[in-house]
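Trainee: Going by numbering that gives the first Met the number 0, the first residue of the sequence shown is number 0, and it counts up by one from there.
By construction, the Cβ of each residue, glycine as well, lies at the ideal position given by its N, Cα and C atoms.
The following block contains the structure, expressed as structure tokens.
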Amino acid sequence: MENKYKPYVSAATVMPELTFRSVFAGIFMAVILGGSNAYLGLKVGMTVAATFPAAVVAIIVMRAFGGSILEENLLRTTASTGEALVAGAIFTVPAFVIAGTWDTLWSLKAYLEGTVMLLIGGVLGILFVIALRRSMMEDPELPFPESVACAEVVKAGQKGATGGKFILITLILGMINEFLKNSYAFQSFSSSRPVQFLLAPIKKTIGGIEQTFQGGFFFGLPDASPAVMSVGYIIGPRLACITFSGAVFGHLFLLPLLISMYGGVVGADTIGTISKGIYNEMIKPFAIGAMLTGAIFTIYSMKGNIAKGFRLAFPKKEDLEQTKSATRLEIDLNLKGVYISILLMTIVMIIFYYYLTGSIGGSILAGIVMSIGGFLFAGVAAYLVGLIGSSSNPISGLTLATLIVASALILLIGVKGTQGIAAALGVACVVCCACGISGDMMQDFKIGHLLGGSPRSMAIAELIGTFCVAFVLMIPIALLTKAYTLGSEMLPAPQANLMALVSKGILEGTMPWTFFIGGIFFALALILLKAPSVTLIAVGMYLPFPTTSAIFVGGIIKWILSICFKGKKLSEEVKEWRSNIGILLASGFIAGETLTGIFIAILVVSGVSVITLPSGETVGRFVLGTAWWPALIVFAIYALIMILVPLMVKKENN
0 MENKYKPYVS
10 AATVMPELTF
20 RSVFAGIFMA
30 VILGGSNAYL
40 GLKVGMTVAA
50 TFPAAVVAII
60 VMRAFGGSIL
70 EENLLRTTAS
80 TGEALVAGAI
90 FTVPAFVIAG
100 TWDTLWSLKA
110 YLEGTVMLLI
120 GGVLGILFVI
130 ALRRSMMEDP
140 ELPFPESVAC
150 AEVVKAGQKG
160 ATGGKFILIT
170 LILGMINEFL
180 KNSYAFQSFS
190 SSRPVQFLLA
200 PIKKTIGGIE
210 QTFQGGFFFG
220 LPDASPAVMS
230 VGYIIGPRLA
240 CITFSGAVFG
250 HLFLLPLLIS
260 MYGGVVGADT
270 IGTISKGIYN
280 EMIKPFAIGA
290 MLTGAIFTIY
300 SMKGNIAKGF
310 RLAFPKKEDL
320 EQTKSATRLE
330 IDLNLKGVYI
340 SILLMTIVMI
350 IFYYYLTGSI
360 GGSILAGIVM
370 SIGGFLFAGV
380 AAYLVGLIGS
390 SSNPISGLTL
400 ATLIVASALI
410 LLIGVKGTQG
420 IAAALGVACV
430 VCCACGISGD
440 MMQDFKIGHL
450 LGGSPRSMAI
460 AELIGTFCVA
470 FVLMIPIALL
480 TKAYTLGSEM
490 LPAPQANLMA
500 LVSKGILEGT
510 MPWTFFIGGI
520 FFALALILLK
530 APSVTLIAVG
540 MYLPFPTTSA
550 IFVGGIIKWI
560 LSICFKGKKL
570 SEEVKEWRSN
580 IGILLASGFI
590 AGETLTGIFI
600 AILVVSGVSV
610 ITLPSGETVG
620 RFVLGTAWWP
630 ALIVFAIYAL
640 IMILVPLMVK
650 KENN
């Protein structure tokens, strides 16, 4: 293959790359980033790509040890596995509890079974994508936006500009805020509060019977959570507004309508209970139906790109034979060994599926669906990362398509009930993890391609990182679900609920069809209107209103920053650099708040209170109690930091 690019580090340059310190530090960071994204994903249904914060941390760590740029690249590659693997885990693993196949995630059985699925899915994702690397690196149709931006961050780091101080400052602020608002810690204010008001009762005669109806509104103020606001900041004002539109429809239109249809007089003391019941039993299934339709439409709308991803999943013979090259820049792992490993891991998963179902036919079918679906969708995920970046990669939609096929085929061969659900969710979990890792690995390959890293070393580092992290990630997920209650406002887990509802609905016939089908037709109407991102609208409808409105606030703050940028005469390079500073600030807020949430969860599960009086009484609130007005200070400080710092900071070594 003729090189059409000039890497930052030439092929002839010899420097340390795959070293113990780079891999060890990468594994440590992978665990931290994976745990923080577990909390974020279960809370808001999204994860944030770890590429940028991992790159900054890698620069700082390797500079302290006198490491090379290629060691930095290896550390970042290893560190990003945590976020990529946990994205697959949180979308599917909690579904085993929601669907009733596991009693709890806080058990040895759940830990071992979940770890096996994460391990197999992650490793398969890496093996699947290795064969695609050559085809995608020089494809002119793939801009790899996040990879290019991250490579520039790393290059700037070689000139002294790390950006680490920005992450550190907001990380500390995020930790303090979480301690002050968490009800299990030093809660000194309420991060949100419910707002309710009733309309006057009216009497209507329907079918000859006079009935009294009373409407009302019940919703929560935006959550004073820098982590959630940072999600809106990172995805930008447009996507934040789209998500919030779902909340407006679900909570400010549909919920009041259903309250008025509830019948009878709704009192001020009962509207909260009634609203929560309607939200859980009616609006959530409605949103899930819309989410399913949106995911299917997303896949359909990308059919051209997906078809190309399928084609790339079967590389040309000459590409397979190019396993040796004159330079280290083109050396991959031995492809024969890769394919043999894929076969062996598929056999292992068939045995595991037999353990779950007790059905030979069901386990073989599940293994076939997993291997074919995983291979094809891993190629699709890798291609889409090159096209739109890993943050927008629709792996939950790809997983959902696999789940529907697996559930239908398993039902056809007669495997039903808990065993069938377990097999279908097992397929979905492995495929979801494979898609997450494959997209992350392709992004890492491109960054290494630009910097001059060795693909073989990067693949080895990613395999080591995935193997180690797979044994750890079930612990923070289990801790969070035990401490904060799976399905609650603190941990709604929207994608996992979707996976559980679809698998149970197909295999047990328990689908709440009235509301589910209503959501399908609602999504179809949005599609006919050419509404943007139906899936995001549905997610916004599903999530608690305080969460979605906080995402909206973050998006508005990013919009204000963009307006301020327009008023300054800045080059595009400086604008992009300052925007990246904003992303680093947001990443610090996310890391600080989510890691503190996990730490508090550990204390809760272990029975240790954060503060205890001499009398032995546990104190969860002090000084301001549950007043909401201090949350306004949080919003003000967050807005000032996220707007003023990117505007005022000067570009280092410009």
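Which of helix, strand or coil does DSSP assign to L490?
Mentor: In the structure shown, L490 sits in coil (DSSP, three-state: anything other than H, G, I, E or B).
Trainee: So, at 6 Å on beta carbons, what are the nonlocal neighbours of A63 in its own chain, with the 5 sequence-adjacent residues on each side left out?
Mentor: Nothing meets the Cβ criterion.
Trainee: With a threshold of 8 Å on Cβ separation, who are the neighbours of A590 within its own chain once the five nearest residues in sequence on each side are excluded?
Mentor: Excluding residues within five positions, the ones whose Cβ falls inside 8 Å are I31, L32, S35, P52, I166, L170 and G173.
Trainee: Just checking my contact of S437 with G124 at CB under 8 Å: how many whole Å lie between their CB atoms?
Mentor: Indeed they touch by this definition, with Cβ atoms about 4 Å apart.
Trainee: If you draw a straight line from the alpha carbon of Y299 to that of Q418, how long is it in whole angstroms?
Mentor: Cα-Cα distance, rounded: 31 Å.
Trainee: Please classify F520 as buried or exposed, where buried requires at least 16 other C-beta atoms within 10 Å of its C-beta.
Mentor: Exposed, by the Cβ-count rule.
Trainee: Hey, how far is the Cα of G372 from the Cα of T401?
Mentor: Taking the straight line from one Cα to the other gives about 6 Å.
Trainee: Can you check which of these residues, L126, A10 and L117, is closest to A458 by C-alpha distance?
Mentor: Considering only alpha carbons, the answer is L126.
Trainee: For the candidate residues R577, S586 and F544, whose alpha-carbon lies nearest to that of V194?
Mentor: Of R577, S586 and F544, the residue nearest in Cα terms is F544.
Trainee: Hey, G293 and A522: beta-carbon distance below 9 Å or not?
Mentor: Yes.
Trainee: Hey, G231 and K557: beta-carbon distance below 9 Å or not?
Mentor: The answer is yes: Cβ separation under 9 Å.
Trainee: Pair every Cβ in the segment 279 to 292 with every Cβ in the segment 524 to 543, then say whether three or more of these pairs are closer than 8 Å.
Mentor: Verdict: yes, contact present.
Trainee: With DSSP collapsed to three states, give me the class of K567.
Mentor: Coil.
Trainee: Excluding the 5 residues flanking I341 on each side, which residues of the same chain have their C-beta closer than 6 Å to its C-beta?
Mentor: The answer, listed in chain order, is L126.
Trainee: Whole angstroms are fine: how far does the CA of T18 sit from the CA of L328?
Mentor: The straight-line gap from Cα to Cα measures roughly 17 Å.
Trainee: Determine the contact status of L39 and G452, defining contact as a CB-CB distance below 9 Å.
Mentor: Cβ atoms of L39 and G452: not closer than 9 Å.
Trainee: Return the CA-CA distance between V96 and T546, expressed in angstroms with no decimal places.
Mentor: The straight-line gap from Cα to Cα measures roughly 23 Å.
Trainee: Nearest CA to the CA of A94: which residue from G517, S502 and I636?
Mentor: Cα-wise, what sits closest to A94 is S502.
Trainee: Among the candidates V379, G425, I367 and L375, whose CA atom is the shortest distance from the CA of L118?
Mentor: The residue with the shortest Cα to Cα distance from L118 is G425.
Trainee: Can the beta-carbon of M498 be found less than 9 Å from the beta-carbon of L399?
Mentor: Yes, they are a contact pair.
Trainee: For C149 and L643, what's the separation of their Cα atoms in angstroms?
Mentor: Roughly 23 Å between the two C-alpha positions.
Trainee: So what's V55 in DSSP terms, helix, strand or just coil?
Mentor: Correct three-state label for V55: helix.
Trainee: Measuring straight from C-alpha to C-alpha, what distance separates S561 and G249?
Mentor: Computed Cα separation, rounded: 29 Å.
Trainee: Any idea if N279 is buried or exposed, counting beta-carbon neighbours within 10 angstroms, 16 or more meaning buried?
Mentor: Exposed, by the Cβ-count rule.
Trainee: What residues in its chain sit with their C-beta under 7 Å from that of S548, if we drop five residues either side in the sequence?
Mentor: P221, F243 and A246.
Trainee: Assess contact between the segment 79 to 92 and the segment 21 to 29, defined as three or more Cβ pairs (one per stretch) separated by less than 8 Å. Is contact present?
Mentor: Touching, per the Cβ criterion.
Trainee: Can you check which of these residues, G336, V337, M369 and L332, is closest to I349 by C-alpha distance?
Mentor: Minimum Cα distance to I349 is reached at M369.
Trainee: Considering only C-alpha positions, which residue in the set I208, V227, W101 and G99 is nearest to L550?
Mentor: For the sequence presented, residue 550 should be read as Ile rather than Leu. Closest option to I550, Cα to Cα, is V227.
Trainee: When you compare only the Cα positions, how much space is there between T269 and A530?
Mentor: Cα to Cα, the separation comes out at about 36 Å.
Trainee: Please check the pair V122 and M344, which I expect to be a contact at CB under 8 Å, by giving their CB distance rounded to whole angstroms.
Mentor: Contact holds; Cβ gap of about 6 Å.
Trainee: Since P193 is in the beta strand (DSSP E), which residue starts that stretch and which ends it?
Mentor: It spans P193 to L197 - the beta strand (DSSP E) in which P193 sits, taken as one unbroken run.
Trainee: Look at Y382 and M135 and say whether their C-beta atoms are less than 9 Å apart.
Mentor: A contact, by the Cβ cut-off of 9 Å.
Trainee: What does the Cβ neighbour count give for L256, buried or exposed, with the cut at 16 atoms within 10 Å?
Mentor: Flag for L256 reads exposed.
Trainee: Suppose contacts are defined by Cβ-Cβ distances below 9 Å. Is L535 in contact with L238 by that definition?
Mentor: In contact: L535 and L238 (Cβ atoms closer than 9 Å).
Trainee: I505 to A407, Cα distance in whole Å?
Mentor: Cα to Cα, I505 sits roughly 7 Å from A407.
Trainee: Comparing alpha-carbon positions, which option in A427, L179, W627 and S362 lies nearest V404?
Mentor: When each option's Cα is compared against that of V404, the closest is A427.
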